[in-house]
Amino acid sequence: MKVYYAKDIRNICLAGHAGAGKTSLAEAMLFLAGASDRLGKVADGNSILDYDPIEKDRRTSISTAMAPLEWKSTKINIIDTPGLFDFAGGVAEGMRAADAALVVLAAGGDFAVGAEKACKAATKRNIAKMFAVTRCDAEHADFYRTFEAIKTEYPAETCPIVVPVMDGDNVKGYYNFVEGKAFAYTNGKASEFSVDGDAHIEELQAAFTEAIANADEELMEKYFMEEPFTIDEIRNGLKAGIASGDIYPVFACSGLNLDAVDLLLHGIVSFAPSALDAASEKDLPVDENGDLAAICFKTIADPFVGKMSFFKVISGKLEASASAYNPRTEKTERFGKLIISKGGKQEDADVINAGDIGVITKLDETKTGDTLCSQKKIVELDGVDYSAPCLFKAVKVKKKGEEEKVATSLRRLMEEDPTINFATNTETREQVLSGLGEQHLEVVSAKLKTKFGVDVDLVVPRVAYRETIRKVSDAQGRHKKQSGGHGQFGDVWIRFEPYMGEEDFVFTSDEVVGGAVPKNFFPAVEKGLRECIAKGIIAGYPMVGIKAALHDGSYHAVDSSEMAFKTAASLAFKAAIPNAAPTILEPIGTLKAYMPGDNLGDIMSSVTKRRGRVLGMGPVENEPKMQVLEAEVPMAAMSDFAIDLRSVTQGRGYFSLDFARYEDAPKDVADMVIADAKAREEEE
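Okay, so the sequence shown: first residue is 8 according to my numbering, each after it adds one.
So this is what it looks like as structure tokens:
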């Protein structure tokens, strides 16, 4: 592929609900433009963009894929993103690299949640929005129902560009309002036909003209004067309106049989913002002769090529065998090969100009979200806006001894997918994996097996409970041992009582009088107690909220030692705590759940069933259709809340959960925790 400059580049992110036909439409665009020699199909597992073995097996996209095409002397970088919410990280990557979002909907459907999310993501990135309604020729499909759904969502901005011409329930062809012509299709080949007298087309023509007029004051004056627009005025009005966000163009098509896909490609080339117009960031002009500034928006660990870092170049150019500065690492990295990604295939490149997208191989230090720039002009571009993980699972290896291999493998996968998080909980001794949903974690588990040969189970992680006491208890700890030579002697009286201060444990020794216990042994007594509270007597969880007062004891001038008093302290602990009303504490979290107002009652019920206490609710700023519910909930009851919230809200809901404090666990919960601890101890 020849080298392109920013004015002739369009970076387009395909996004929308799962199953809407994004990948099929992208495959049609690539085939029609001659970028592929066959029309790949998702259902057949032979698409260019769904090239990962797991994607082929599942027949759905799970990661962002890219491929360029050339159309009318313009390069279009197609960025195909997953529709499943569990793989929303791919949408974040695609939106970061794109200059326009092509939101794909299936004809006959409503304005799906995936389309809502795609539009929100595009708005957040401040990039242009376009709509493609595909599968218009499918049985029982109804383009006009979907068009009205878009118009209901965006009444002022929706502008029909290409619509189907109907003959009863069948699509006869497609009408292009820009050219004022209708085309019938056979095997992707267009032939013009007349639509004179079609009332539906005439009605939509008025909507098209009004949308163009709304984008420009001069055109609005002509519109009120009922003067016709010239073709140049239409084109310029569309281009300006799409760039400003005043117009959301709608293109009807059918990706599976190529119908009207050429009109969509014409529309992208003619009206979507070019990289020159849209790619400027941080006051950097989009100039291939400027200082280098490029953002890494995606990383892949390819088994054959090695690490592949995807970059969008904002300023300057990437050149083969060059090097650049990374402000995060404060290091200069030398490039490996420079390539263009075409789905699962690669093509070597010598240069990637400003506004374009390319891949650098074998960058050891660079991560997704990093900037590479010239050391003469250091700049850090905005990273990728990923969603935070919301579902947590403990990783259990099926083959003992592979825990370290799991950790190494997951760190590799985290480079590819920053929506994964992994950490070892030192308290529960579990490896905990987190992600965006069940399918997400299932795919991670599958990759562990196929890529790294590690077989694991994912289970509900243990909760970090605590133990405390509710009564005062005083006990003696006396350690005396004679084994020839110097013996061991330590004797202490310690009073244990509940403590409500900020510290987990407080030790005092100011009640000791007359040197009953020498001061030099106080630290040993405290150390012995601190070791004891690390593992409580009920279920083995750390103890908190305890004050221990050393108030009496005795010593031996020869046999007493720090070790003897440390042992005596532990004996006092073991004697006193069972009589101090020990109890289990459970962690309580502060929940903020966001959902459409219609779902508030169902989510409130779900929170209540989880023993949550609702604190309040109200509207969400800048999201008029959303409500926020605030509550305090036992964190142990929240392991599947993400699944419940997504199910009830159809994917619109999201939440945050932050640790607040510990509270007494109800008796049934405490009994369950104790029984679980005993069972675990027997296993070990």
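C-beta: ideal position from N, C-alpha, C; glycine also.
Quick caveat: nothing in here was measured; it's all calculated off a predicted structure.
Item	Value
If you measure from the beta carbon of A282 to each beta carbon in chain B, is any gap under 7 Å?	No chain B is part of this structure, which consists of one protein chain only.
Sort A114, Y151 and I302 by Cα distance to G101 and report the nearest one.	I302
Under the rule that 16 or more other beta-carbon atoms within 10 Å means buried, what is P641, buried or exposed?	buried
May I ask which residues mark the beginning and end of the alpha helix (DSSP H) holding V1?	Look at the range of the chain in this structure, 8 to 691, and you will see that residue 1 is not part of it.
Is the Cβ-Cβ distance between R502 and A556 less than 7 Å?	yes
One question on the structure: do M633 and Y661 come within less than 7 Å of each other, judged by their Cβ atoms?	no
Is the distance from the Cβ of A587 to the Cβ of G560 below 7 Å?	no
On the DSSP bridge assignment, give the partners of R502 in chain order.	D481 and A556
Starting from Y332, follow its DSSP beta bridges and name the residues at the other end.	T339 and C380
From I55 to T71, what does the alpha carbon distance come to, in whole angstroms?	12 Å
Indicate whether the contact test is met: 3 or more Cβ pairs, each with one atom in the stretch 219 to 234 and one in the stretch 106 to 114, closer than 8 Å.	no
Assign C126 to one of three DSSP states: helix, strand, or coil.	helix
Just grab the DSSP bridge partners of F184 for me.	Bridge partners of F184: none, in fact.
Drop a sphere of 10 angstroms on the beta-carbon of E62, count the other beta-carbons inside from all chains shown, and report buried for 16 or more, exposed for fewer.	buried
So, does the stretch 139 to 158 touch the stretch 238 to 258, judging by three or more C-beta pairs under 8 Å?	yes
Once you ignore the five residues that flank P626 on each side, which residues in its own chain have a CB closer than 7 Å to its CB?	Q634
Within the same chain, show all residues whose beta-carbon is closer than 6 Å to that of A189, passing over the 5 residues directly before and after it, in chain order.	V172, G180, Y182, F200 and V202
Tell me the DSSP secondary structure of M642 in three-state form.	helix
Which first and last residues belong to the beta strand (DSSP E) in which C303 is found?	A300 to D309
Kindly indicate which three-state DSSP category H563 falls into: helix, strand or coil?	coil
Taking only the alpha-carbon atoms, compute the straight-line gap between L37 and A214 and give it to the nearest angstrom.	31 Å
Hey, quick one: how far does the beta strand (DSSP E) through D665 stretch, first residue to last?	Y661 to D671
At what residue ranges does the stretch 87 to 121 contain a whole run of the alpha helix (DSSP H), taking only runs of 4 or more?	95 to 104
Measure the beta-carbon distance from A401 to V499 and round it to whole angstroms, keeping in mind my assumption that it falls under 8 Å.	No, A401 and V499 are not in contact; Cβ-Cβ is about 40 Å, not under 8 Å.
If we call anything under 7 Å between Cβ atoms a contact, is C143 one with V178?	yes
Which residues mark the beginning and the end of the alpha helix (DSSP H) in which T141 is found?	Counting along the chain, T141 falls outside any alpha helix (DSSP H), though it belongs to the beta strand (DSSP E) covering A135 to T141.
Give me the residue from A42, G47 and F529 with the minimum Cα distance to N264.	G47
What does DSSP give as the partner residue(s) for T597 in the beta ladder?	E639 and D665
Classify L32: buried if its beta carbon has 16 or more other beta carbons within 10 angstroms, exposed otherwise.	buried
Near V467, what residues of its chain come up, given a Cβ to Cβ distance below 6 Å and the 5 sequence neighbours on each side ignored?	S646
For G494, which three-state DSSP category applies?	coil
By Cβ distance, which residues of its chain are closer than 8 Å to S281, with the 5 residues on each side in sequence left out?	A13, K14, D15, I16, R17, D106 and G362
For L39 versus D87, is the C-beta distance shorter than 7 Å?	no
Looking only at its chain, what residues have a beta carbon closer than 7 Å to the beta carbon of H493, apart from the 5 residues adjacent to it on each side?	V565 and D566
Using the Cα positions of A247 and F278, report the straight-line distance between them to the nearest angstrom.	8 Å
At the level of alpha carbons, what is the spacing between K554 and A672?	21 Å
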